[in-house]
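Since the structure comes first, as structure tokens, the remarks are kept for the end.
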Amino acid sequence: DTEVTQTPKHLVMGMTNKKSLKCEQHMGHRAMYWYKQKAKKPPELMFVYSYEKLSINESVPSRFSPECPNSSLLNLHLHALQPEDSALYLCASSQGGQGAANEKLFFGSGTQLSVL
Amino acid sequence: AQSVTQLGSHVSVSEGALVLLRCNYSSSVPPYLFWYVQYPNQGLQLLLKYTSAATLVKGINGFEAEFKKSETSFHLTKPSAHMSDAAEYFCAVSEGNTPLVFGKGTRLSVIA
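Chain order of the listed sequences is D and A. Last residue of the first sequence: 140 in the working numbering, with the numbers rising by one and none dropped. Last residue of the second sequence: 182 in the working numbering, with the numbers rising by one and none dropped.
Take a look at the structure:
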């Protein structure tokens with residue numbers, strides 16, 4: 025299994041809602057990532073988990089809350105989002121920990137989020 | 071801090087023509103360089119990566135890239151474009167143990 029699976033594929037939420045994005049990989053990878061990608065822009069790193077511990081937080085607002093329950097799962101909890109948070113949210117994983125620089129990232133297909 | 075610059079936000083080629091997507095990097099140490107491709111409504115997929123083993127790197131789908139230190143470049147090429155190559159292409163750089171930094175992307179269109 026060489027896939028990163030993200031659910032849901034699409035999500036529409038109001039500004040007062042609470043929702044969660046889920047990501048799963050069964051490749052034994054030890055680093056997992058959340059990226060945010062606006063239309064026609066490159067992915068922007070949000071969080072990195074290495075060996076299930078948060079190792080990088082790129083100054084992301086607290087309305088985004090990541091969670092890594094185990095080595096295969098990564099969640100992104102969303103609360104009180106703003107319309108400008110509408111974007112494609114991508115999960116990725118890599119074999120080594122601490123986002124090792126020379127390693128390949130495996131990306132999921134993303135969750136397209138719309139905040140109304 | 072490392073960075074990459076992709077020249078041309080949009081490149082259009084005819085089917086069967088040479089594909090050339092340009093990427094220049096800035097890094098204070100020998101970098102790791104990558105090309106990723108993103109098809110519509112998909113995540114990113116690694117095409118190839120340079121990690122100092124060889125300056126000419128061959129990737130998937132017939133793509134290759136050459137690392138030129140003197141020009142700080144890592145341009146992506148493919149001898150003959152296919153319709154299925156139409157996608158967004160991102161050059162990315164990493165150094166040390168830092169996360170990837172992506173370029174702004176180049177959209178490749180292939181005309182029949």
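Heads up, the beta-carbon is just placed ideally off N, CA and C, and yes, glycines get one too.
Check whether residue i and residue j have beta carbons under 8 Å apart
i: histidine 101 (chain D); j: glutamate 91 (chain D); result: yes
i: phenylalanine 104 (chain A); j: leucine 170 (chain A); result: yes
i: serine 82 (chain A); j: lysine 174 (chain A); result: no
i: glutamate 133 (chain A); j: threonine 125 (chain A); result: It is phenylalanine, not glutamate, that sits at residue 133 (chain A) in the sequence shown. No, the Cβ-Cβ distance between phenylalanine 133 (chain A) and threonine 125 (chain A) is not below 8 Å.
i: valine 163 (chain A); j: proline 100 (chain A); result: no
i: asparagine 94 (chain D); j: serine 44 (chain D); result: no
i: lysine 62 (chain D); j: methionine 70 (chain D); result: no
i: glycine 132 (chain D); j: valine 36 (chain D); result: no
i: leucine 140 (chain D); j: glycine 38 (chain D); result: yes
i: proline 66 (chain D); j: phenylalanine 144 (chain A); result: no
i: cysteine 161 (chain A); j: valine 74 (chain A); result: yes
i: leucine 91 (chain A); j: tyrosine 159 (chain A); result: yes
i: alanine 156 (chain A); j: threonine 147 (chain A); result: no
Nonlocal neighbours in the same chain, by C-beta distance under 7 Å from residue i, ignoring five residues either side
i: proline 32 (chain D); result: Thr135
i: leucine 116 (chain A); result: Phe104 and Tyr106
Closest Cα partner of residue i within the set the options
i: alanine 55 (chain D); options: D:Gln61, D:Leu112 and D:Tyr75; result: D:Tyr75
i: alanine 71 (chain A); options: A:Ser96, A:Gln108 and A:His152; result: A:Ser96
i: asparagine 131 (chain A); options: A:Asn94, A:Met153, A:Thr75 and A:Gln76; result: A:Met153
i: alanine 172 (chain D); options: D:His34, D:Glu82 and D:Thr40; result: Outside the displayed range of chain D (25 to 140) lies residue 172 (chain D), so it cannot be described from this structure.
Neighbourhood of residue i by C-beta, 6 Å cutoff - its chain only, sequence neighbours within 5 removed
i: glycine 86 (chain A); result: Ser150
i: tyrosine 57 (chain D); result: Val72 and Ala116
i: glycine 121 (chain D); result: Arg54, Ala55, Ser74 and Tyr75
i: serine 89 (chain D); result: His101
8 Å CB neighbourhood of residue i in its chain, flanking five on each side removed
i: isoleucine 181 (chain A); result: Ser82, Val83, Ser84 and Glu85
i: serine 96 (chain D); result: Glu48, Gln49 and His50
i: lysine 77 (chain D); result: Cys92
Per DSSP, cross-strand counterpart(s) of residue i
i: phenylalanine 48 (chain A); result: An answer regarding residue 48 (chain A) cannot be provided, because it is not within the stretch 71 to 182 covered by chain A.
i: glutamate 91 (chain D); result: D:Asn99
i: leucine 114 (chain A); result: A:Gln108
i: asparagine 81 (chain D); result: D:Phe71
i: asparagine 94 (chain A); result: A:Thr75 and A:Ser143
i: glutamate 158 (chain A); result: A:Gln108 and A:Arg177
Limits of the unbroken beta strand (DSSP E) element including residue i
i: methionine 37 (chain D); result: 34-37
i: valine 139 (chain D); result: 135-139
i: glutamine 61 (chain D); result: 55-61
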